[in-house]
C-alpha cells in the first residue's frame with residue numbers, strides 16, 4: 001500500500017471518532033524528512049485520544065496492513081504517536097498540539113486540511 005493511501009485510511013480512522021482539525025502534511029519533497037506523511041488531529045480528552053488511536057489501528061488492520069511499527073503516548077493521555085514508517089499519525093490534546101507546533105516545524109510541507 002502506498003503512503004498516500006495509508007494516510008487516507010488513517011484520516012478515516014480519525015474521522016470515525018470525531019477528531020477535530022485533521023491535517024495531512026505531505027513531506028515527500030522535503031529533504032531528510034523522517035516520513036512521507038504526518039497526519040495530525042486533535043481530541044478533547046485522553047479518552048477520545050485513545051479511541052482515535054484504536055480506530056486508526058482498526059482501519060489500518062481492515063485494509064490489510066500491520067499495526068504501527070512503534071506507538072507512544074497512550075499512557076500519558078496528551079499526545080499519541082503512531083509510527084507506520086512512511087506515515088506517522090499524531091493525536092493531540094488541543095493545547096499540546098499548539099505547544100509542540102509541528103505545523104510550524106514542518107512549514108515547508110504541503111498541507112491538506114480535512115476538517
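Residue numbers (the numbering used here): 1 to 115.
Built from N, CA and C at the ideal position, the CB exists for glycine as well.
Spatial neighbours of residue 71 in its own chain (CB-CB distance under 6 Å, excluding positions within 5 residues in sequence) are listed in chain order as 82.
Cβ atoms of residue 37 and residue 102 stay farther apart than 8 Å, at about 12 Å. For residue 84, the CB contacts under 8 Å within the same chain, skipping 5 residues up- and downstream, are 6, 10, 60, 65, 68, 69 in chain order. Residues 20, 21, 92, 94, 97 of the same chain have their beta carbon placed closer than 6 Å to that of residue 42, with the five preceding and five following residues left out of the count. By the CB criterion at 7 Å, residue 56 and residue 3 fall outside the cutoff. Counting the other Cβ atoms within 10 Å of the Cβ of residue 105 gives fewer than 16, which makes it exposed.
Cα atoms of residue 76 and residue 63: separation of roughly 28 Å, rounded to the nearest angstrom.
If one requires a minimum length of 3 residues, the beta strand (DSSP E) runs lying completely within the segment 24-84 are 37-43, 70-72, 79-83, in chain order.
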